[in-house]
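Engineer:
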Amino acid sequence: MDNNNCTPSLPKCDTAMDTCDWRAQLPSNAREKIVNKIMEILKKNLPYAGPEGIIELRRIASRFEEKNFSGAANLTDYLRKISIKMLTMEAKYQNAAGSSSSSFLPIPGAYNSLPLNPGCHQMTIEGPIKSEAAVNTGDWRTCLPPDTRKKNVNKIKGTLKKHVPNCGKEGNKELKKIATSFEELIFNTAIDQVDYLRKISFKMQTMN
12 MDNNNCTPSL PKCDTAMDTC DWRAQLPSNA REKIVNKIME ILKKNLPYAG PEGIIELRRI
72 ASRFEEKNFS GAANLTDYLR KISIKMLTME AKYQNAAGSS SSSFLPIPGA YNSLPLNPGC
132 HQMTIEGPIK SEAAVNTGDW RTCLPPDTRK KNVNKIKGTL KKHVPNCGKE GNKELKKIAT
192 SFEELIFNTA IDQVDYLRKI SFKMQTMN
C-alpha cells in the first residue's frame, strides 16, 4: 500500500472521486484501524483459543478488508461496504444470540422516561425489565418527538465516524446515508416505541 501521498484528509477531487488515486489518499493507519475494528467484532462474537485463535481472527479481518479495498470503485464505496458489513455482522450475531430482554444491557436513561406527543398514551415504564409490558394505544411512530429519529441518525453516524477514515465531505454524506438507512430499518421493523429505542441503544453499544 503506497502511503507516500497520504494526508489526514482527502484532497480536492471531483464529486465521484474518480480523478485521484483514492487508495493512496487514505490516512496511513486507516486500514489498520478498520481491520482492528472488524477483529473486535469477531472477538466479541466468535469463539477463539489463545494466540493462534487471535492470529486466525486477524487473518479473517485482513482478508475481508483487503477484498473490499481492492474491489471498491472509490472511497465512498469502500467506506459504505465496510460500514454496512460492520452493522450487518453485529446484527447477525445479535440475532443469533437472541433478542430477549435478559441479554440486553441498556444504556442508562435511554428510555426510562419516554417523551410522547400530545394525544398519545403509554403505560409507565420502570426500566428495561418491564419494557415488554409497555404497549402504545395509538400509532407509536407518530408519537415519537419530531427530532428523535434525526438525533438517532446523528448518533449512529457519529459512531461510524469513529471507526472509518477521515473521509471528507463526500464520505460524510455517505455515512449519513448509511446511518439513515439503518435507522429506517429499525423504525420500520420495531413493534413499538420501546422496542425501537431498545434496538437503537443496543446497536450503539455494539458499535462502540
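The sequence shown finishes on residue 219 if you use my numbering, and the numbering steps up by one all the way, no holes.
Glycine included, each C-beta is placed from N, C-alpha and C at the ideal position.
1. How far does the alpha helix (DSSP H) with tryptophan 151 in it extend, from its first residue to its last?
2. Using beta-carbon positions only, say whether threonine 68 and methionine 50 come within less than 8 Å of one another.
3. Have a look at Ile65, Ile211, Lys168 and Glu194 and flag the residue whose alpha-carbon is nearest the alpha-carbon of leucine 9.
4. Taking the Cβ atom as the reference point for each residue, do histidine 174 and lysine 48 lie within a distance shorter than 8 Å?
5. For aspartate 1, tell me which candidate among Thr191, Lys188 and Arg152 has the shortest Cα-Cα distance.
6. Can you list, in chain order, the residues of its chain whose CB lies under 6 Å from that of lysine 180, leaving out five sequence neighbours each side?
7. Identify whether asparagine 199 lies in helix, strand or coil by the three-state DSSP scheme.
8. So, is glycine 182 buried or exposed, given that buried needs 16 or more other C-beta atoms within 10 angstroms?
9. Let me know the secondary structure DSSP gives threonine 148 once reduced to three states.
10. Hey, would you say alanine 190 sits closer than 8 Å to leucine 171, going by beta carbons?
11. Please look up how many angstroms separate the CB atoms of leucine 53 and alanine 72, rounded, as I've assumed it's under 8 Å.
12. At what residues does the alpha helix (DSSP H) containing serine 73 begin and finish?
13. For threonine 87, I'd like the list of residues in its chain whose CB is within less than 6 Å of its CB, leaving aside the five on either flank, ordered along the chain.
14. Rounded to whole angstroms, what's the CA-CA distance from asparagine 165 to lysine 187? Just pull it up for me.
Structural biologist: A quick look at the data gives this:
1. 151-154
2. Threonine is not the amino acid found at residue 68; the sequence shown has leucine there. Contact: yes.
3. Any property of residue 9 remains undetermined from this structure, which presents the chain solely from 12 to 219.
4. Their beta carbons are under 8 Å apart, which means histidine 174 touches lysine 48 by this criterion.
5. Because the chain is modelled from 12 through 219, residue 1 falls outside the range shown and cannot be assessed.
6. none
7. helix
8. Per the 10 Å Cβ criterion, buried.
9. Residue placement at threonine 148 is poorly supported in this model, since its pLDDT is 39, which falls under 50; the coordinates are not used for a value here.
10. yes
11. 6 Å
12. 61-82
13. Glu181, Gly182 and Glu185
14. 8 Å
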